[in-house]
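Each residue of the sequence shown is one higher than the one before, starting from 1 at the first, in UniProt numbering. Below is one structure, written out as structure tokens; comments come after it.
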Amino acid sequence: QRAKGSSYQAAVRALAFKWIRILYRCWQTGTRYDESIYLNALRKRGSPLLRNLGLPG
1 QRAKGSSYQA
11 AVRALAFKWI
21 RILYRCWQTG
31 TRYDESIYLN
41 ALRKRGSPLL
51 RNLGLPG
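Structural data, given as structure tokens:
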């Protein structure tokens, strides 16, 4: 968000929104958060975020 020119507050709101969705889904399914599932989804979609994180895609 910051790279797009958004304010700090907008970036924090966007991040909070994403985490709320993740935590709600974990609560609904009764599972724990697993970062490897998220990273595999990024790989499957070919997300440019992987390059920004310095991870092999």
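Cβ atoms here follow ideal geometry from the backbone N, Cα and C, with glycine treated the same way. Here the structure is a predicted model, which means the values were calculated and not measured.
Asked, Found
"Backbone CA spacing between residue 55 and residue 6 [nearest angstrom]", "25 Å"
"For residue 21, the three-state DSSP class (helix, strand or coil)", "helix"
"CB contact flag (residue 23, residue 33, <9 Å)", "yes"
"Nearest-angstrom Cα separation, counted from residue 52 out to residue 14", "18 Å"
"For residue 55, three-class secondary structure by DSSP", "coil"
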